[in-house]
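Q:
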Amino acid sequence: MGFTMKKIYVIILCCFGTAPSFSQTLFTYGNYAVSKDDFLKAYNKNKMPVVNTDSSLKEYLDLYSKFKLKVKTAELQRLDTLQELQNDLQNFRSQVEESYMNDEKGLNTLIDEAINRGQKDIHVQHFYIPLDASMKATDTLNIYKMMKELAAELTKPTIKISETISLVNTKYPSVKSKDLGYITALTLPYDIENLVYGLKPGEVSRLFRTKSALHIFKNAEERRTAGKWKVAQILIAIPPDATADQLKPIQKKADSIYLLLSNGADFKELAKEVSEDKLTYMNGGEMPEFGTGKFDVDFESKVFELKKDGDITRPILTEYGYHIVNRLNRQAIPADKSDEAFVASLKQQILKDSRINTAKAIFLKDIKIKTGFKRNNTIRDSELFKYADSVSANAIVGKYPINSKTIFSFTKLNVKGADWLNFVKDYKLNKDVYKGENNKELLEKYIETATHEYYRKHLEEYSNEFKYQMQEFKEGNMLFEIMERNVWSKAANDSIGLKKYYNDHRPGYLWAESATVLLFNCSDDKMATMAIADLKKGKDWKLIAEESDGTIQSDSGRYELAQIPIPEGLAVTEGLITPPLSNSGDNTTSFAKVIKIFPAQQQRSFEEARGLVINEYQAYLEEKWMEDLKKKYPIKVNEAVFQSLLK
760 MGFTMKKIYV
770 IILCCFGTAP
780 SFSQTLFTYG
790 NYAVSKDDFL
800 KAYNKNKMPV
810 VNTDSSLKEY
820 LDLYSKFKLK
830 VKTAELQRLD
840 TLQELQNDLQ
850 NFRSQVEESY
860 MNDEKGLNTL
870 IDEAINRGQK
880 DIHVQHFYIP
890 LDASMKATDT
900 LNIYKMMKEL
910 AAELTKPTIK
920 ISETISLVNT
930 KYPSVKSKDL
940 GYITALTLPY
950 DIENLVYGLK
960 PGEVSRLFRT
970 KSALHIFKNA
980 EERRTAGKWK
990 VAQILIAIPP
1000 DATADQLKPI
1010 QKKADSIYLL
1020 LSNGADFKEL
1030 AKEVSEDKLT
1040 YMNGGEMPEF
1050 GTGKFDVDFE
1060 SKVFELKKDG
1070 DITRPILTEY
1080 GYHIVNRLNR
1090 QAIPADKSDE
1100 AFVASLKQQI
1110 LKDSRINTAK
1120 AIFLKDIKIK
1130 TGFKRNNTIR
1140 DSELFKYADS
1150 VSANAIVGKY
1160 PINSKTIFSF
1170 TKLNVKGADW
1180 LNFVKDYKLN
1190 KDVYKGENNK
1200 ELLEKYIETA
1210 THEYYRKHLE
1220 EYSNEFKYQM
1230 QEFKEGNMLF
1240 EIMERNVWSK
1250 AANDSIGLKK
1260 YYNDHRPGYL
1270 WAESATVLLF
1280 NCSDDKMATM
1290 AIADLKKGKD
1300 WKLIAEESDG
1310 TIQSDSGRYE
1320 LAQIPIPEGL
1330 AVTEGLITPP
1340 LSNSGDNTTS
1350 FAKVIKIFPA
1360 QQQRSFEEAR
1370 GLVINEYQAY
1380 LEEKWMEDLK
1390 KKYPIKVNEA
1400 VFQSLLK
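When we follow our numbering, the leftmost residue of the sequence shown carries the number 760, and every step to the right adds one.
#1: My output table needs one value for N1088: the three-state DSSP class, helix, strand or coil.
#2: Which word fits T897, buried or exposed, when buried means at least 16 other C-beta atoms lie within 10 angstroms of its C-beta?
#3: According to DSSP, is R982 part of a helix, a strand, or is it coil?
#4: In terms of residues, what are the limits of the beta strand (DSSP E) holding Q884?
#5: If you follow the alpha helix (DSSP H) that N850 is in, where does it begin and where does it stop?
#6: By how many angstroms is the C-alpha of L1065 removed from the C-alpha of V1308?
#7: Provide the residue span of the beta strand (DSSP E) that contains I1075, from first to last.
#8: For E1367 and R852, what's the separation of their Cα atoms in angstroms?
#9: For L958, which residues from the same chain have a beta carbon less than 7 Å from its beta carbon, with the 5 sequence-adjacent residues on both sides left out?
#10: From what residue to what residue does the beta strand (DSSP E) around E1059 run?
#11: Which residue or residues does DSSP assign as beta-bridge partners of Y1318?
#12: Report, in whole angstroms, the separation of the C-beta atoms of I1109 and G1050, which I expect to be a contact under 8 Å.
#13: Beta-carbon within less than 7 Å of Q1090's beta-carbon, same chain only, minus the 5 sequence neighbours each way: which residues are those?
#14: Does N811 pass the burial test, meaning 16 or more other C-beta atoms within 10 Å, or should it be called exposed?
#15: I need the DSSP call for T1288, collapsed to helix, strand or coil.
#16: Residues in its own chain within less than 6 Å of S780 by CB, not counting five upstream and five downstream?
#17: Between which two residues does the beta strand (DSSP E) holding S1349 run?
#18: Using DSSP with H/G/I as helix, E/B as strand and the rest coil, what is R965?
#19: Using the DSSP secondary-structure output, state which residues sit across from N1173 in a beta bridge.
#20: Whose CA, out of A1330, K1096 and D1055, lies closest to the CA of E1078?
#21: Inspect the CB distances between the stretch 1237-1255 and the stretch 839-847 and report whether three or more fall short of 8 Å.
#22: When the distance is taken between beta carbons, is I993 closer than 8 Å to L1006?
#23: Assess, as a yes-or-no matter, whether the stretch 1129-1147 is touched by the stretch 1164-1172 under the definition of 3 or more beta carbon pairs within less than 8 Å.
#24: Could you tell me the alpha carbon to alpha carbon distance between S971 and Q884, rounded to whole angstroms?
#25: Report the rounded CA-to-CA distance for E1220 versus Y1213, giving the unit in angstroms.
#26: Closest to I1373 by C-alpha separation, out of L1257, M1286, E1333 and L1335, would be which residue?
#27: Please identify the residue among D1014, L838 and D1284 whose C-alpha is closest to the C-alpha of S1343.
#28: Are the beta-carbon atoms belonging to I874 and A1094 less than 8 Å from one another?
#29: Considering only C-alpha positions, which residue in the set A1013, F1058, I1083 and R1114 is nearest to G1044?
#30: For A1399, which of helix, strand or coil comes out of DSSP?
#31: Helix, strand or coil: which one does DSSP assign to T784?
#32: From the DSSP output, read off the bridge partner residues of Y823.
#33: Spell out the partners DSSP gives G1080 in its beta bridges.
#34: Between T1288 and the rest of its own chain, which residues show a CB-CB distance below 8 Å, the 5 nearest in sequence each way excluded?
#35: Got a sec? Which residues, its chain only, sit under 8 Å from L909 by beta carbon, not counting five neighbours each side?
#36: Would you identify the three-state DSSP class for F976, choosing helix, strand or coil?
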């Protein structure tokens, strides 16, 4: 079983918290007890805004007790020993442990800076001339003079933003230029970000030299930040280097999906059925929240044009394929640290950025104290360096007197001379990392590496938060596995049980009043009018779309009347062509032709109801399973303790 989006979803929903506690017992299940503190930790972590706290606590107690039953069952079946689950746990540890390998004070300073800078987006233009180490001093000097002259030219108030790049290409052909579009904090390298955010609109940075080029940056203009966007997407992927002939049927498929959405199809359900984004399709296409500079400029610009929640873009072509994007939510960038989720996300970004290096130096000093680092002062640096030189020359670690001596130690580990020499050997043989450091620099690097490694391996001893997070993931993973075995796979693969459940509950799978319709989505009112005229003349509906060169998309199917774009109050009759309706999201126009009307209460076939049947059959199996577990592990609530939660 792979690490799927379904698994992530279950883990997020069902990791209730497992902090060890010595507080009062809130409830027992069989011989196992759950404390009041454990329950409150889970409740406060997962609770939503509620009107009635009493009922909310009671509902959560029911959920939490079921969670504990399922996880205990998985534990007793030793599902946590499965190799796949152990691999998942190790992978998760690798993903989250880095966030605990930092200095909080230094990190907080960087977070404050990023929040402040994130209040605006800057339109950046970049200009540079490549440098060559073989250049003569006079050539380099001439380049500096040219770039200073260009900088002065770029600050003239008469120069227009839209003309800057073409002007530079014409007047300074040796200067390479690029309009970077709008950027925000954490979208450029830190040293360049510092340059750009030190500029006022219209200003140009000082000359900035790298090994390969001489650069200047212009703050062309500023705007308030575009904010953080929550969207869902349906991706129709394209092969690498797709030809025009390959793109045509893929585009047609994307247009057909867009037509369905424009006429009321459920975005989440379509995403699950047709989206080829393996990371989001199971979650209804929902993408991680993002802001300026995260994705392709063309993608972002089209998404940022969506005016309100629920609006949908026409298919957007990028190198990955055609994206149809549904705006779910837009929020302003918080101006302080009151939004915990935002700060947590920002923290993760900063930890992956070069700006964290300063904070890391402070962190190293701190964890040396925590881990009990002690240097053996009886062994001099000269002794360490002498044998290090021998190792680097021979590329082997021989039998040196220093090998078995402790050169430094931590609370539960002694580091020997042989460890140091092996580090030197491996480091110097690795051409990708070795940069000619001297022995003193190598020793500092080894102490830093060894300290971090020891701290990382013993994180549970230094961070209760990390310890709890690992336990949560472990239990969430076990929950997924036990649910997969007892409910999800069982329901999906039980064809006899599904059909029996359908037959036993046929009255629950009825159509509302519905109709077979032709759906049309046109680029504008004019094309819609032309399509309606052709329909009335008897022209085949598929041919109308095929001959429109992509300006008209059409499809057919049976829909409940509530799903069809029909103006309120209009009587629905067979043969009706609905008035064209403008779609505010993209200014396209939609209409439908009603072919046949079906009265309400008609029976859905098993295939038509299959998705509904699977969902309800899963719930039925889970309910029966829980009844068995409660008999095996009776739940007893300490009412006095529970009542204390309500005060």
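Each residue gets a CB set at the ideal place from its N, CA and C atoms; glycine is no exception.
A: Quick look at the numbers:
#1: Three-state result, N1088: strand.
#2: Exposed, by the Cβ-count rule.
#3: R982 falls in the strand class under three-state DSSP.
#4: Residue range K879 to P889 is occupied by the beta strand (DSSP E) that includes Q884.
#5: In the DSSP assignment, N850 falls within the alpha helix (DSSP H) that extends over Q842 to V855.
#6: Sequence check: residue 1308 is Asp here, not Val. Looking at the backbone, the Cα of D1308 and that of L1065 are separated by about 25 Å.
#7: First-last of the beta strand (DSSP E) with I1075: I1075 to T1077.
#8: If I take the Cα positions, the gap works out to 43 Å.
#9: Excluding residues within five positions, the ones whose Cβ falls inside 7 Å are S964 and N978.
#10: For E1059, no beta strand (DSSP E) encloses it; the enclosing alpha helix (DSSP H) starts and ends at V1056 to F1063.
#11: According to DSSP, Y1318 bridges with A1274.
#12: Their Cβ separation, rounded to whole angstroms, is 15 Å, which puts I1109 and G1050 out of contact at 8 Å.
#13: Result list for Q1090: G986 and K987, in chain order.
#14: With fewer than 16 Cβ atoms within 10 Å of its Cβ, N811 is classed as exposed.
#15: T1288 sits in a helix when the DSSP states are folded into three classes.
#16: Because S780 sits at a pLDDT of 42, beneath the cut-off of 50, its placement in the model cannot be relied upon, and the point is left open.
#17: Per DSSP, S1349 is one residue of the beta strand (DSSP E) stretching across T1348 to F1357.
#18: DSSP places R965 in coil when its eight states are reduced to three.
#19: According to DSSP, N1173 bridges with S1168.
#20: Of the listed residues, the one whose Cα sits closest to E1078 is D1055.
#21: Yes, the stretch 1237-1255 is in contact with the stretch 839-847.
#22: Annotated as distal: L1006 and I993, with beta-carbon spacing of 8 Å or more.
#23: Taking 8 Å as the limit for Cβ pairs, the verdict is that the stretch 1129-1147 does touch the stretch 1164-1172.
#24: If you draw a straight line from the Cα of S971 to the Cα of Q884, it is about 19 Å long.
#25: A straight-line Cα-Cα distance of about 11 Å links E1220 and Y1213.
#26: It is L1257 whose Cα lies nearest to the Cα of I1373.
#27: The option with the nearest alpha carbon to S1343 is D1284.
#28: In this structure, A1094 lies closer than 8 Å to I874 by Cβ.
#29: Residue I1083 is the option with its Cα nearest to G1044.
#30: Here A1399 sits in helix by DSSP.
#31: When secondary structure is reduced to three states using DSSP, T784 falls in the strand class.
#32: Per the DSSP secondary-structure output, Y823 pairs with nothing in a beta bridge.
#33: Residue pairing for G1080: DSSP places it in a beta bridge opposite A996 and T1077.
#34: In chain order, P1339 place their CB closer than 8 Å to the CB of T1288, counting only its own chain and leaving out the 5 sequence neighbours on each side.
#35: Contacts found: F886, V927, Y931, V934 and I975.
#36: Residue state for F976 is assigned as strand, using DSSP reduced to three classes.
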